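Visitor:
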Amino acid sequence: NNSLIGINVLLFLVQLTRGPDLDRFIYIYGLVPARYSIPQIAGYFTTGQQIFSFISFIFLHGSFWHLLGNMWSLYIFGDNVEDRLGPIRYALFYLLCGIASGLSHLILNLQSNVPTIGASGAVAGVMGAYFISYPRAKILTLIPIIFIPWFVEISAFFFLAIWFLFQFIRAAGILGGGGAIAWWAHVGGFLAGMLLLMFF
Numbered sequence: 002n003n004s005l006i007g008i009n010v011l012l013f014l015v016q017l018t019r020g021p022d023l024d025r026f027i028y029i030y031g032l033v034p035a036r037y038s039i040p041q042i043a044g045y046f047t048t049g050q051q052i053f054s055f056i057s058f059i060f061l062h063g064s065f066w067h068l069l070g071n072m073w074s075l076y077i078f079g080d081n082v083e084d085r086l087g088p089i090r091y092a093l094f095y096l097l098c099g100i101a102s103g104l105s106h107l108i109l110n111l112q113s114n115v116p117t118i119g120a121s122g123a124v125a126g127v128m129g130a131y132f133i134s135y136p137r138a139k140i141l142t143l144i145p146i147i148f149i150p151w152f153v154e155i156s157a158f159f160f161l162a163i164w165f166l167f168q169f170i171r172a173a174g175i176l177g178g179g180g181a182i183a184w185w186a187h188v189g190g191f192l193a194g195m196l197l198l199m200f201f
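Going by the working numbering, the first residue of the sequence shown is number 2, and it counts up by one from there.
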């Protein structure tokens, strides 16, 4: 888990060195649904690049806060899931959750020419596994009441159920447009984590 966090941070630092070439870098190594559904775009990429993007997009982030949010969640939930699976199976589990999240985003946004990046889907898979494995665990949660920070311990089952429900509502567009966030990747990753845990 610590190695995955380290790799994400290292690759974010690599992104910062790309300068004006960053957009091209993101388009090549991010997950772009149109690259798989529109032949005129797919023709610009090799088969290797098309396959590799399903892994590379998991390790790229759009901003420092994007990286921090994902790595903080991975830090909280990942170590316990790794304890259950062991480091090698956990690493494979993490990658498969990320790939599954990418597939769910691609299938539901086939014509999109916007690159998707971030560990969110893979981390959602870890959260899905945590949801099944440690439902009675307590999570210290910050609930802001106006300007007063209120910390309360919430069961993992309740916390993650509410989190998943919010992701699904946003993905389905019930609360309006989804913005720039790949909500279906979160939903797909979480469900993949729950299902893959049974095989692992």
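Quick reminder that beta carbons are idealized off the backbone N, C-alpha and C, glycines included. The structure displayed is predicted, hence computed values, not measured ones.
Taking the alpha-carbon positions, what's the Gly-44 to Ile-52 distance?
Guide: Their backbone Cα atoms lie some 14 Å apart in a straight line.
Visitor: Short of 6 Å in beta carbon distance, which residues of its chain neighbour Ala-172, apart from the five on each side in sequence? Order them along the chain.
Guide: Correct list, in chain order: Trp-184, Trp-185 and Val-188.
Visitor: With Ser-54 as the anchor, note down where its beta strand (DSSP E) starts and where it stops.
Guide: Ser-54 -> not in any beta strand (DSSP E); alpha helix (DSSP H) instead, spanning 48-57.
Visitor: Span of the beta strand (DSSP E) holding Ile-140?
Guide: From DSSP, the beta strand (DSSP E) with Ile-140 extends over 139-146.
Visitor: Which of the three DSSP states, helix, strand or coil, is assigned to Leu-61?
Guide: Leu-61: coil per DSSP, three-state reduction.
Visitor: Work out the CA separation of Leu-111 and Gly-99 for me, nearest whole Å.
Guide: About 18 Å.
Visitor: Which residue from Ala-101, Leu-69 and Val-82 puts its Cα closest to that of Ile-6?
Guide: The shortest C-alpha separation from Ile-6 is found at Leu-69.
Visitor: Between His-62 and Leu-75, what straight-line distance do the alpha-carbon atoms span, to the nearest angstrom?
Guide: Those two C-alpha atoms are separated by around 14 Å.
Visitor: For the beta strand (DSSP E) containing Ile-155, list its first residue and its last residue.
Guide: 149-156 is the extent of the beta strand (DSSP E) around Ile-155.
Visitor: Taking Cβ to Cβ, would you say Ser-156 is nearer than 8 Å to Pro-136?
Guide: Yes, the pair counts as a contact, with Cβ atoms nearer than the cut-off.
Visitor: What number of angstroms, rounded off, separates the C-alpha of Ile-89 from the C-alpha of Gln-168?
Guide: In a straight line, the C-alpha of Ile-89 is about 29 Å away from that of Gln-168.
Visitor: Measuring only the C-alpha atoms, how far is Gln-50 from Gly-126?
Guide: When rounded, the distance between both Cα atoms is 24 Å.
Visitor: So, under 8 Å CB-CB, Met-72 and Ala-130 are touching, yes? Tell me the CB distance rounded to an integer number of Å.
Guide: Between Ala-130 and Met-72 the Cβ distance is about 17 Å, and since that is not below 8 Å, they are no contact.
Visitor: Based on DSSP bridge pairs, tell me the residues matched to Ile-32.
Guide: Per the sequence shown, the amino acid found at residue 32 is Leu instead of Ile. DSSP, once it has assigned bridges, lists Thr-117 as partnering Leu-32.
Visitor: If you check the beta carbons only, do Ser-102 and Gly-20 fall under 8 Å apart?
Guide: Not a contact, by the Cβ cut-off of 8 Å.
Visitor: Tell me whether Arg-19 sits in a helix, a strand or coil according to DSSP, three-state version.
Guide: The answer is coil: DSSP assigns Arg-19 none of H, G, I, E or B.
Visitor: Out of Ile-149, Val-115 and Ile-182, state which residue places its alpha-carbon closest to the alpha-carbon of Ile-29.
Guide: Nearest C-alpha to Ile-29: Val-115.
Visitor: Please name the residue, chosen from Leu-109, Ile-39 and Asn-9, that lies closest to Phe-65 on a Cα-to-Cα basis.
Guide: The residue with the shortest Cα to Cα distance from Phe-65 is Asn-9.
Visitor: Measuring only the C-alpha atoms, how far is Tyr-95 from Glu-154?
Guide: So the two alpha carbons sit approximately 27 Å from each other.
Visitor: Hey, quick one: how far does the alpha helix (DSSP H) through Gly-103 stretch, first residue to last?
Guide: 88-109 is the span of the alpha helix (DSSP H), which, as asked, contains Gly-103.
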